[in-house]
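Chemist: I have a structure here, written as structure tokens, and I will follow up with some questions on it.
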Amino acid sequence: MLETLAATELAQGDSVWWALLRIAIVLGFVLAIVPGLIWWERRLLSWFQDRIGPNRVGPFGLLQPIADGVKLFFKEDITPATVDRLLYFIAPAIALFPAFAIWATIPWGPDRRLTPIADVDVGILYILAISSLGVYGLFLGGWASNNKYSLLGGLRSAAQMVSYELAMGVSLGCVILATGSLRLTEVVSMQFEPLWGVVPWMQNWFILTPWGFVAGIIFLITMVAETNRAPFDLPEAESELISGFHTEYSSMKFAVFFMGEYATMLAFSGIFAAVFLGGWSPLPLNWEFLALRANDAGLPWLASALSFIGGPIAAPIWMVGKMFGGITFYVWLRATLPRLRYDQLMNLGWKYLLPIAALNFVVVAIWMQFGWFALLGALVVLLLLYINVVVFPARGRRDGDDEMLVLVKPQVQTEKSIEVSRS
Amino acid sequence: MSVGVVVFLLMATVIVLSAWGVVVARNAVRSALSLVINFFTLALLYFGMHYDLLGISQILVYTGFIMMLFLFCILLLNLGAPDTLFEPSLIKRSIAWFTGGVLVLAVASQVIGPLAVADAGPSAPEGFGEAASVGTALFTGWVYAFEIASVLLLVGIVGSILVAKRRD
Chain A
171 MLETLAATEL AQGDSVWWAL LRIAIVLGFV LAIVPGLIWW ERRLLSWFQD RIGPNRVGPF
231 GLLQPIADGV KLFFKEDITP ATVDRLLYFI APAIALFPAF AIWATIPWGP DRRLTPIADV
291 DVGILYILAI SSLGVYGLFL GGWASNNKYS LLGGLRSAAQ MVSYELAMGV SLGCVILATG
351 SLRLTEVVSM QFEPLWGVVP WMQNWFILTP WGFVAGIIFL ITMVAETNRA PFDLPEAESE
411 LISGFHTEYS SMKFAVFFMG EYATMLAFSG IFAAVFLGGW SPLPLNWEFL ALRANDAGLP
471 WLASALSFIG GPIAAPIWMV GKMFGGITFY VWLRATLPRL RYDQLMNLGW KYLLPIAALN
531 FVVVAIWMQF GWFALLGALV VLLLLYINVV VFPARGRRDG DDEMLVLVKP QVQTEKSIEV
591 SRS
Chain B
701 MSVGVVVFLL MATVIVLSAW GVVVARNAVR SALSLVINFF TLALLYFGMH YDLLGISQIL
761 VYTGFIMMLF LFCILLLNLG APDTLFEPSL IKRSIAWFTG GVLVLAVASQ VIGPLAVADA
821 GPSAPEGFGE AASVGTALFT GWVYAFEIAS VLLLVGIVGS ILVAKRRD
């Protein structure tokens with residue numbers, strides 16, 4: 171009785187030891203890989219900018235992050251005189267906490283004993299909840315520094331995160347609607363179905379479906395904003411806020427902020443991979459189906475190779491590869507796009523991302539409930555309405571009362587025109 | 701004592717201390733931060749009882765958004781002066797202590813009695829409080845209440861914009 175109980179516990183990975191092992195794997199991986207990420211970002215960014223980058227310490231400069239870490243440990247830890255000492259001290263710790271906690275529901279492979287740490291029924295909500303905590307560290311750090319620029323950085327980060335969290339939630343809501351599950355492992359395994367239900371040799375990665383593509387792009391933009399990375403790095407804008415919330419931080423406290431940022435970036439890349447990019451499958455191909463076909467064609471070596479690629483042993487490799495792809499995307503964005511202005515940031519979040527995400531949500535709901543034929547009909551009706559209500563009336567009033575034309579025309583500011591513009 | 705009881709006592713201690721901190725802290729930001737810790741630990745307590753959805757909602761709604769807005773307001777209003785929070789009148793303070801004490805006694809008399817005799821906590825039916833059952837309840841039996849609540853919130857938002865709007 172007891173033995174069978176222990177065996178089933180072992181099979182489900184339900185014992186305390188398995189749980190501790192899962193936690194150790196994730197923590198060990200994140201702590202070990204963050205210096206590597208910093209090296210990768212610096213090298214890649216320097217190639218983008220036609221420089222060489224750190225290449226002196228160790229082969230290809232690989233030991234540079236370790237040297238930087240040693241330097242940061244031994245730097246003088248300056249605490250400015252007028253800071254709120256308690257909050258100034260714990261703010262980096264608060265910033266680091268969600269960066270590690272968010273990993274708890276990200277699945278790495280099909281083996282439930284080793285990953286994820288907790289396969290709870292509310293996995294996607296958990297990610298949203300924990301990422302909304304990420305702002306506290308920045309916010310409190312900015313406030314406790316007792317510095318106007320830091321405070322502005324903290325306020326910006328709070329407003330930015332609250333704004334973009336909404337669009338992120340709605341875009342993830344589309345996935346929840348389509349899969350009918352909040353469990354991340356189920357979201358991943360739903361993507362191993364045939365593509366669009368009709369192509370048996372491919373997998374139904376959500377990024378390949380029309381609604382999933384829209385939701386995926388919105389999630390991609392919001393995840394960059396959530397992690398405060400360029401072009402959304404307004405909380406630490408060097409040119410205007412002198413690094414914003416961490417201006418007053420030095421030594422390891424400063425480093426801890428950035429450790430949290432990189433760990434969160436990696437975690438969000440993992441979430442994007444799990445929710446939209448088919449989790450631990452390297453390509454959107456149905457490996458079992460292809461292996462069967464290869465066997466039928468008399469190529470057993472190809473069949474075993476295919477089932478190994480799609481199998482549980484190789485799975486974490488593909489997952490980590492996708493996470494690194496996400497980091498590369500982050501760096502690419504940083505090297506390509508200039509920083510947004512604050513009003514542009516808010517416009518993008520509230521006027522474009524949130525409505526598009528909400529519309530996508532409605533589209534998924536109609537498709538789930540009434541099928542794609544009704545969805546097409548509804549879209550045609552909407553398009554006709556749009557043309558009749560928005561496009562044609564706009565063409566009709568070309569004669570000077572169009573708002574854009576008024577803005578372009580040089581106007582003489584008379585007393586009367588000021589009165590008119592005020593009212 | 702089982703592991704569960706130890707974990708519960710640990711979290712309960714944090715909850716009580718942080719709740720105390722909300723009232724005692726002289727600084728509005730520290731007070732709000734204590735409330736954040738309180739809400740978050742409460743969510744951990746829900747997780748311990750396997751009410752995952754309740755705990756997640758607690759973190760998402762209260763810890764993530766409402767407390768963020770609290771902190772935002774505190775910073776924007778710059779509630780820095782702790783002297784305004786100090787009550788100098790001895791009579792008022794003694795009345796406050798008295799009524800507070802009565803409240804503690806009243807709550808304790810109702811809570812401690814059942815706690816002392818209970819051998820197991822009240823148990824919920826299977827599947828109670830899970831995402832699926834909560835969603836089904838919200839969108840079938842309680843859909844009108846749910847929609848009316850959302851309309852109420854919308855009215856609140858529109859009203860606050862109207863109040864805050866600049867008048868010419």
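If you read the protein sequences in the order shown, they are chains A and B.
Letter by letter, the first sequence follows residues 171 to 593 in this note's numbering.
Letter by letter, the second sequence follows residues 701 to 868 in this note's numbering.
Cβ coordinates follow ideal geometry from the N, Cα and C atoms, glycine included.
1. Would Ala527(A) pass as a contact of Ala314(A) if the rule is Cβ separation under 8 Å?
2. Mind listing, in chain order, the continuous alpha helix (DSSP H) runs of no fewer than 4 residues lying wholly within the stretch 711 to 786 of chain B?
3. Kindly indicate which residue of Gly491(A), Met493(A), Pro454(A) and Ala261(A) has the alpha-carbon position closest to the one of Leu476(A).
4. Report the neighbours of Asp247(A) on chain B: residues whose CB is nearer than 7 Å to its CB, in chain order.
5. Counting only beta-carbon separations shorter than 8 Å, does Val707(B) have a partner in chain A?
6. Beta-carbon of Phe839(B) versus every beta-carbon of chain A: anything under 8 Å?
7. Any C-beta of chain A within less than 8 Å: which residues of the stretch 704 to 736 of chain B qualify?
8. Are the stretch 420 to 439 of chain A and the stretch 460 to 469 of chain A in contact at 8 Å, needing three or more beta carbon pairs?
9. Take the Cβ of Ile377(A) as the centre, count every other Cβ of all protein chains shown within 10 Å, and call the residue buried at 16 or more, exposed below.
10. Give every residue of the same chain whose Cβ lies closer than 7 Å to the Cβ of Glu458(A), excluding the five residues on either side of it in the sequence, and list them in chain order.
11. Consider the Cβ of Ala831(B): report whether some Cβ of chain A lies at a distance smaller than 8 Å.
12. For Arg353(A), which residues of its own chain have a beta-carbon under 7 Å away from its beta-carbon, when the five flanking residues on both sides are left out?
13. Verify the CB distance criterion: does Thr355(A) have a CB-CB separation below 8 Å to chain B?
14. Return the CA-CA distance between Gly312(A) and Gly323(A), expressed in angstroms with no decimal places.
15. With a threshold of 16 other CB atoms inside 10 Å of the CB of Val739(B), please say whether the residue is buried or exposed.
16. Helix, strand or coil: how does DSSP classify Val369(A) here?
17. For the stretch 757 to 782 of chain B, list every residue whose C-beta sits within 7 Å of some C-beta in chain A, in sequence order.
18. How would you list, in chain order, the residues of chain B whose beta-carbon sits under 8 Å from the beta-carbon of Ala328(A)?
19. Leaving out five residues on either side along the sequence, give the residues of the same chain with a beta carbon under 8 Å from the beta carbon of Asp247(A).
20. Between Ala299(A) and chain B, is any beta-carbon pair separated by less than 8 Å?
21. From the DSSP output, in three-state form, read off Pro364(A) for me.
22. Count the other C-beta atoms from every protein chain shown that fall within 10 angstroms of the C-beta of Gly491(A), then say buried if there are 16 or more, exposed otherwise.
23. Provide the residue(s) that pair with Leu455(A) in DSSP beta bridges, ordered along the chain.
24. For Ser302(A), would you say it is in contact with chain B, using Cβ-to-Cβ distances shorter than 8 Å as the test?
25. Measuring only the C-alpha atoms, how far is Ser413(A) from Pro405(A)?
Modeler: From the atom records:
1. Within the first sequence, residue 527(A) is the residue found at index 357, counting from 1. Within the first sequence, residue 314(A) is the residue found at index 144, counting from 1. Contact: no.
2. The qualifying runs are 728 to 748, 752 to 757 and 767 to 777.
3. Within the first sequence, residue 476(A) is the residue found at index 306, counting from 1. Of the candidates Gly491(A), Met493(A), Pro454(A) and Ala261(A), the one whose C-alpha sits nearest the C-alpha of Leu476(A) is Pro454(A).
4. Residue numbering aside, residue 247(A) sits at position 77 when the first sequence is read from its first letter. Going along chain B, no residue has its Cβ under 7 Å from Asp247(A), so there is no contact; the nearest lies around 22 Å.
5. As a working note, residue 707(B) is residue 7 in the second sequence. So no, Val707(B) is outside the interface.
6. Taking the second sequence and counting its residues from 1, one reaches residue 839(B) at position 139. Answer no: the Cβ-Cβ gap between Phe839(B) and chain A never drops below 8 Å.
7. Those residues of the stretch 704 to 736 of chain B that come within reach of chain A (Cβ to Cβ, closer than 8 Å) are Asn727, Val729, Arg730, Leu733 and Val736.
8. Output reads no: the stretch 460 to 469 of chain A does not touch the stretch 420 to 439 of chain A.
9. Residue 377(A) sits at position 207 when you count from the first residue of the first sequence. Ile377(A) is classed as buried because its beta carbon has at least 16 other beta carbons within 10 Å across all chains shown.
10. Working through the first sequence from its first residue, we reach residue 458(A) at position 288. If we look at Glu458(A) and ignore the five residues flanking it on each side, its Cβ neighbours are Ser477 and Gly480.
11. As a working mapping, residue 831(B) is identified with position 131 in the second sequence. Flagged as an interface residue toward chain A: Ala831(B), by a C-beta distance shorter than 8 Å.
12. Taking the first residue of the first sequence as 1, we reach residue 353(A) at position 183. In the same chain as Arg353(A), and ignoring 5 residues on each side of it, the C-beta atoms closer than 7 Å to its own belong to Asp289, Asp291 and Gly293, in chain order.
13. Within the first sequence, residue 355(A) is the residue found at index 185, counting from 1. With a threshold of 8 Å between beta carbons, Thr355(A) makes no contact with chain B.
14. Here residue 312(A) refers to the residue found at position 142 when the first sequence is read from its first residue. Here residue 323(A) refers to the residue found at position 153 when the first sequence is read from its first residue. Our two residues, Gly312(A) and Gly323(A), have alpha carbons roughly 6 Å apart in a direct line.
15. For the purposes of this step, residue 739(B) is identified with residue 39 of the second sequence, where counting begins at 1. Correcting the residue identity first, residue 739(B) is Phe in this sequence and not Val. Burial call: buried.
16. Mapped onto the first sequence, residue 369(A) falls at position 199. Val369(A) sits in a strand when the DSSP states are folded into three classes.
17. For the stretch 757 to 782 of chain B, residues whose beta-carbon sits nearer than 7 Å to a beta-carbon of chain A comprise Ile759, Leu760, Thr763, Gly764, Phe765, Met768, Leu771, Phe772 and Leu775.
18. By one-based count along the first sequence, residue 328(A) stands at place 158. Within 8 Å Cβ-Cβ: Met768, Leu771 and Phe772.
19. Taking the first residue of the first sequence as 1, we reach residue 247(A) at position 77. Within the same chain, Asp247(A) has close Cβ partners Ser420, Ser421, Met422 and Lys423.
20. Taking the first sequence and counting its residues from 1, one reaches residue 299(A) at position 129. Against chain B, the CB of Ala299(A) has a partner CB under 8 Å away; the residue lies at that interface.
21. Against the first sequence, residue 364(A) aligns to sequence position 194. Three-state result, Pro364(A): strand.
22. Your numbering for residue 491(A) matches position 321 in the first sequence. Only exposed fits Gly491(A), as fewer than 16 other CB atoms lie within 10 angstroms of its CB.
23. As a working note, residue 455(A) is residue 285 in the first sequence. Under DSSP, the beta-bridge partners assigned to Leu455(A) are Met372(A).
24. The count along the first sequence starts at 1 and reaches residue 302(A) at position 132. Between Ser302(A) and chain B, the shortest Cβ-Cβ separation is below 8 Å.
25. Position 243 of the first sequence holds residue 413(A). Position 235 of the first sequence holds residue 405(A). As the crow flies, the alpha-carbon of Ser413(A) is around 8 Å from that of Pro405(A).
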